[in-house]
Amino acid sequence: MSLRHVIRLAVVATAVAIGGVAVAAPSSAATCNGYVGLTFDDGPTGSTSALLTVLRNNGVRATMFNIGQNAQNNRSAAQAQVAAGMWVGNHSWSHAHMTTMSQAQMQSDLSQTSTAIQSATGTRPVLFRPPYGETNSTLQSVASSLGMRQVIWDVDSQDWNGASVSTIVANAGRLQAGQVILMHDGLQTTRDAIPQIMANLTSRNLCPGMISSSTGRAVAPDGGSTPPPTTPPPGGGSCTATATTPNVWGDRYNTSVTVSGASTWAVVVAITAPQKVVTIWNGTATWDSSGNVMTMRSNGSGNTFGFTTMFNGNSSARPQIRSCTAG
Ligand SMILES: [Zn+2]
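All the letters of the sequence shown, read from the start, carry residue numbers -24 to -1, 1 to 303 under mature numbering (1 follows the signal peptide of the UniProt record, and there is no 0).
Right, here's the structure in full:
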């Protein structure tokens, strides 16, 4: 990993619209006159769990631009990002200077990264941030062909450059509705700045949002569920649910979810509309009013359940595991 964003292009580039968003759930904040995209690059790291704790304690949902080899080496940390309500994007396999690569090398790098992230989290990224913000038209078209929109940033927190907590907070104070800020996983200063960043945003009626894969701008979180609770519900033990998508066809795909740590459980899974679940097995499902959030409970058929989802025009989104509760 590298935090040396010394060479970068201040480019907010255009790319084709990609249908679908990565996750479904609204912010719980009451007054949101606009949304901003908080992004954390270069994870997952050994301190991802510390970052997630700060984010959840401050009611923040953010976008994590993961490095592929980090996701492969820290699978549980990548899973924890999604379980905490974060969106995950592609930040290349090894943080190389990608504009020096051939088109084939770009394709291989980004594809390998998305596969590693999907393997760890159950979700294939729909957003791509080039390392150092360095890009060109070939790289953008490769990202597009892999179903990802390129996202740079409007505000650089300078956390990678040794900025103090107060400087990071001041830089975040420049954020306007729709804009995106660059921060990083792995820095104590960044974590320490988050409560003050949130206080500033709240005072301006701005809320953390998701980054639209159509426009690259920060928008309201999509869908119908609330983020998982900060602490497990009373009496409910913890368990872990891991999703894979073993079968993908032209119009549908199968998801297989394996639960560990409990033999009776309830797993909450969010689907991105207009995708629709048409078949389930090895569990008992109930749905929320939006029809996009399924709670699957064990029914004596073991610890692996599954379901078939129709694309309905969105072939990129994958189900989000929202929580796993034992008992
Ligand atoms: Zn980076």
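Just so you know, even glycine gets a beta-carbon here, dropped at the ideal spot from N, CA and C. Remember, predicted model here, so these are calculated numbers, not experimental data.
8 Å contact criterion, which residue i and residue j should meet: CB distance rounded
i: S189; j: V58; result: Actually they do not touch by this definition, with Cβ atoms about 16 Å apart.
i: L182; j: L163; result: Not really, about 23 Å apart at Cβ, beyond 8 Å.
i: R100; j: S236; result: Incorrect: roughly 23 Å between the Cβ atoms, too far for contact.
i: V254; j: T218; result: At roughly 22 Å, the Cβ-Cβ gap does not stay under 8 Å, so V254 and T218 are not in contact.
i: G192; j: V127; result: 5 Å
i: D17; j: D132; result: D17 to D132, Cβ: 11 Å. No contact.
i: G98; j: P295; result: 6 Å
i: W129; j: T15; result: 7 Å
i: residue 318; j: V244; result: Absent from the model: residue 318. The displayed extent of the chain is -24 to 303, so no value can be given.
i: residue 374; j: L115; result: Because the chain here runs from -24 to 303, residue 374 falls outside it and cannot be looked at.
i: D198; j: T165; result: Contact doesn't hold; Cβ gap of about 31 Å is too wide.
Classification of residue i by the beta-carbon crowding that lies within 10 angstroms, buried from 16 upward
i: G13; result: buried
i: V(-2); result: Note that V(-2) scores a pLDDT of 33, beneath 50, so its modelled location is shaky; the value from the coordinates is reported in the next line. By the 10 Å Cβ count, V(-2) comes out buried.
i: A175; result: exposed
i: G226; result: exposed
i: S142; result: exposed
i: S113; result: exposed
i: A139; result: buried
i: P205; result: Because P205 carries a pLDDT of 42, less than 50, the predicted location of this residue cannot be relied on, and the following value inherits that uncertainty. P205 comes out exposed.
i: S78; result: exposed
i: Q81; result: exposed
i: H71; result: buried
i: N147; result: buried
i: N137; result: exposed
i: T262; result: exposed
i: T76; result: exposed
i: N288; result: exposed
i: S68; result: buried
i: G282; result: buried
i: A47; result: buried
i: T7; result: exposed
i: G19; result: buried
i: A1; result: Caution is warranted here: a pLDDT of 36 is assigned to A1, below 50, making its placement in the model unreliable, and the coordinate value is therefore given only provisionally. Buried.
i: G303; result: exposed
CB of residue i within 9 Å of CB of residue j, strictly
i: R167; j: S23; result: yes
i: T39; j: N66; result: no
i: T301; j: A242; result: yes
i: N34; j: I170; result: yes
i: S277; j: G259; result: yes
i: V118; j: Q83; result: yes
i: A96; j: Q45; result: no
i: A153; j: N275; result: no
i: A60; j: L86; result: no
i: G185; j: R37; result: yes
i: Y11; j: V145; result: no
i: M62; j: T111; result: no
Residue i: CB within 8 Å of a non-hydrogen atom of ligand 1
i: residue 366; result: Residue coverage of the chain in this structure runs from -24 to 303, which leaves residue 366 outside it and unanswerable.
i: P101; result: no
i: H67; result: yes
i: H160; result: yes
i: Y108; result: yes
i: D198; result: no
i: D264; result: no
i: I43; result: yes
i: D17; result: yes
i: H71; result: yes
Short CB-CB distance (under 9 Å) between residue i and chain E
i: A96; result: The structure shown contains no chain E; it is built from a single protein chain.
inquiry  = Under 8 Å: do the segment 221 to 233 and the segment 149 to 157 share three or more Cβ pairs, one atom per stretch?
reply    = They do not touch, by the three-pair rule.
key: Validate contact between the segment 230 to 246 and the segment 52 to 71 using beta carbons, cut 8 Å, 3 pairs   = No, the segment 230 to 246 is not in contact with the segment 52 to 71.
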